[in-house]
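The structure appears below as structure tokens.
Chains as they are written, first to last, in the numbering used here: chain S, 131 to 591; chain E, 131 to 591.
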């Protein structure tokens, strides 16, 4: 299905735009303006001549130019009539933000909406959804004000979610990270456009490096797995599915009227299709950022550099507990090179503890020494920014090495404002940063599994 | 051992205090001043007459008044001589910040330090440690500047760590939370005062509601378990032990020269002593905050209130995946009461989805309705602050109910600044706030396990 016009529309009609700042239609229009959308905007409202300084139209037929996208935010029972008008006016695509359909038992009304979409060949997202956000095209149909939901920066992670609430929470979480967003789709009840359509679109989208999805139910299971299999040959797909337990399934059913199905079957099928399965929202984000920036690892031998011994031990535990990872042994060449540049108190072993007075220079020397070691497939650089030596020279040295490292390199640090500042600095420069050894290990392992899948290597673990 | 004088000294000598702002002894003195310590401060420095405007002394014997605590930050080989002087001068307790002892092979030097401590009956913390912090007495021997390591507010969580680096990272992490600190001990090589002494002290300390510890090795295993058993009868003890794997053990050995021992034996013994075992730094904090404020649960029946269906499903999954928790069934009385106050679109079931327009009033009505339900042992209140209805009235209503709830009540929310603001608001008012369903479920389960331990109920899971 051609959903490009939803994501990169040259003109948008907002049906239900309102002068009342509390109304959804007002917030959507305001957010388009805030985002700096450069296409044509047409507020549609029976009573107003203009809204937020923009000429308004009483109905869609009165707009003389072509409309690429109509965003509909009016009471449910009025939606089918308005969609008919959109179809007749030649609107290219529709997003129905309004709720009040299958999720509250109004299946009939939802079917009517779907049949109008099919009749006019007019891709329709929703109903009961937040719609689309694309920071590049500056499309933002979300009816949530930016002070409540901060918008992420531009990046390579695309995210799709059935649930508007989970979708908005994840978007807001991403906005607090140093990595960025390509496209966001909240598709709600999926009356017409569904996860298969969105997945196929994102598979072809060059700005999307990683696809992340939150699912409650899947309507077309077979097509979905086929699309997933084709997509994972090109780019990583990470999935979190709600309804992992029978209690969760029952709750999911009540929420979007989707049948959750048996989770173990789903999970096995996801994995066979090369998808990375997350078990929690935090895992979704952790995996997204490593897949966005890191190359495929050749193996699971991990080197650890740290400025705090204890954190090195905890990270060693996390690596050794992981099924596919283990501590690398430094080559003789690496050891000799480290002996030359490290102060004598530094024990030349993995994890390499640079000590609490380590500055950017010592980190640089250590990373340079291990950079070309064939025994090392991945590197975790721990920086406790609380220690006396650590400052922004350490973050800079990690960013510098990263540019030519050629293997997965991630940073690990935890703490309050001084640490967070350096986290954002590193992530904005393309270094994924984790705040716990277990999250770091799980994320490295996820890239290794995906790399094995792509090389068609058996993974019986 | 009497370590009270370390934590609440009326006078502190800082040996190695320096006019050079880069030196450890300078930063320690500066931090005492910044913290607003009201006792007597005596910088000790051979060459300076005064440091940071405070009269300095060439050595400890020249201080005429009684010194409760000497903080020593001078090169390792000079420490035994200075400790002798402290002993002769009648100093009550000592903290040796300096490194360069057993952790770098200087076992002899460390033994000398211990024997002087014993000879003078002078409790000595360290060497190779950060020392002590107590935001009530405003003692702060940490040599890390506050811009790098934010200091936590006053609270009921006491934390002890062998590793200074892990200790400072956790302190910094706590400072970003809404809960606070009672005492912090970084005890380094534990040449004299060790985990048993600190545990026994914290067990008796009325300001300490929860004890949290990060361990690498344990010197006196039997005494430690005995002390733990006695402590957990009074208050919860949470432990994270590094060296869970053989690789981690090897790394731990190199770090503090402590023998990590077999982890599975340790873990079983910890659990039998009623300690709560954490597997990661984030778990340490998650458990600490629920134990600080929440009463012991009677059982594992959990009610969930949410303003986002998807988050309710994910949380249901987390509860149902947990071994000891399950979804509660609302009593008929609760259901009737909810039917009266909830709008018709709200489905009366657990999880209770209040919908995206729910405000503080709706949350209040829902919590009031379920408050006295005997079928409910614990409550998770999810608020997606991204949704249109959610604002500070929701946080206020949770805080209000909390005061008389009488059962564990925790909040769950995730997101950027608007959400973080409400998180801090709730946590400062004594409501533990989690950012993921799995963390919320694990923390509730930890309180249930501890409550079963205290009631001597069998727990074979």
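Backbone N, C-alpha and C define an ideal beta-carbon position, used for all residues, glycine too.
Asked	Found
Give me the Cα-Cα distance between residue 464 of chain S and residue 499 of chain S, rounded to the nearest whole angstrom.	6 Å
Kindly say whether residue 374 of chain E, judged by its beta-carbon, lies nearer than 9 Å to any beta-carbon of chain S.	yes
Helix, strand or coil for residue 234 of chain E? Go by DSSP, reduced to three states.	helix
Where does residue 314 of chain S fall in DSSP's three states?	strand
Spatial neighbours of residue 149 of chain S within its chain, please: C-beta separation below 6 Å, excluding the five flanking residues on both sides.	178 and 181
Check whether the segment 365-378 of chain E touches the segment 440-447 of chain S, taking contact to mean three or more Cβ pairs, one atom from each stretch, closer than 8 Å.	yes
Please tell me whether residue 446 of chain S has its Cβ less than 9 Å away from any Cβ of chain E.	yes
Which of the residues in the segment 406-426 of chain E, read from start to end, lie with their CB under 8 Å from any CB of chain S?	409, 410, 411 and 412
If you count every other CB in all the chains shown that lies within 10 Å of the CB of residue 415 of chain E, and 16 or more means buried, which is it?	buried
Using a Cβ cut-off of 7 Å, pull out every chain E residue sitting near residue 515 of chain S, in sequence order please.	278
Quick one: measure Cβ to Cβ for residue 493 of chain E and residue 528 of chain E, integer angstroms, because I've assumed they're closer than 8 Å.	7 Å
Measure the alpha-carbon distance for residue 75 of chain E versus residue 339 of chain S and round it to whole angstroms.	An answer regarding residue 75 of chain E cannot be provided, because it is not within the stretch 131 to 591 covered by chain E.
To be precise: take each residue of the segment 457-471 of chain S, compare its Cβ to all Cβ atoms of chain E, and keep it if any distance is under 8 Å. Which residues remain?	457
Can you tell me which of the three DSSP states residue 513 of chain S falls into?	coil
Between residue 566 of chain E and residue 544 of chain E, which are expected to be in contact by the criterion C-beta below 8 Å, what is the C-beta distance as a whole number of angstroms?	7 Å
Using a Cβ-Cβ cutoff of 7 Å, what residues of the segment 216-248 of chain S are near chain E? List them in chain order.	234
Tell me where the alpha helix (DSSP H) around residue 399 of chain E begins and ends.	393-402
Is residue 441 of chain S close to chain E? Criterion is C-beta to C-beta, closer than 9 Å.	yes
Does DSSP put residue 252 of chain S in a helix, a strand or coil?	coil
Run the CB neighbour count on residue 235 of chain E, radius 10 Å, all protein chains shown included, and call it buried at 16 or more, exposed below.	exposed
Going by other Cβ atoms of all chains shown within 10 Å of its Cβ, with 16 needed for buried, is residue 312 of chain E buried or exposed?	buried
Are residue 188 of chain E and residue 147 of chain E closer than 9 Å when you measure CB to CB?	no
Whose Cβ in chain S lies nearer than 9 Å to the Cβ of residue 285 of chain E?	Chain S residues near residue 285 of chain E: none, gap ~15 Å exceeds 9 Å.
Taking all protein chains shown into account, do 16 or more other C-beta atoms lie within 10 angstroms of the C-beta of residue 277 of chain S, making it buried, or fewer, making it exposed?	exposed
Looking only at C-alpha atoms, which of E/418, E/504 and E/488 sits nearest to residue 429 of chain E?	E/504
Check the Cβ of residue 567 of chain E against every Cβ in chain S and list those closer than 9 Å, keeping chain order.	410 and 411
What separation, rounded to the nearest whole angstrom, lies between the Cα atoms of residue 329 of chain E and residue 366 of chain E?	11 Å
Name the chain S residues whose beta carbon is nearer than 8 Å to that of residue 378 of chain E?	443, 444, 446, 447 and 450
Which residues mark the beginning and the end of the alpha helix (DSSP H) in which residue 528 of chain S is found?	522-532
To which residues of the same chain is residue 133 of chain S closer than 8 Å at the C-beta, ignoring the five residues directly before and after it?	223, 253, 255, 323, 327, 328 and 331
Using 9 Å as the threshold, is the C-beta distance between residue 247 of chain E and residue 197 of chain E below it?	no
Would you decide whether residue 453 of chain E is buried or exposed? Buried here means 16 or more other CB atoms lie within 10 Å of its CB.	exposed
Measure from the alpha carbon of residue 572 of chain S to the alpha carbon of each residue in S/420, S/336 and S/271, then state which is nearest.	S/420
Hey, would you say residue 102 of chain E sits closer than 9 Å to residue 289 of chain E, going by beta carbons?	Nothing in the structure corresponds to residue 102 of chain E, since chain E is present only between 131 and 591.
With 9 Å as the threshold, decide whether the Cβ of residue 437 of chain S is near any Cβ in chain E.	yes
Between residue 292 of chain S and residue 412 of chain S, what straight-line distance do the alpha-carbon atoms span, to the nearest angstrom?	18 Å
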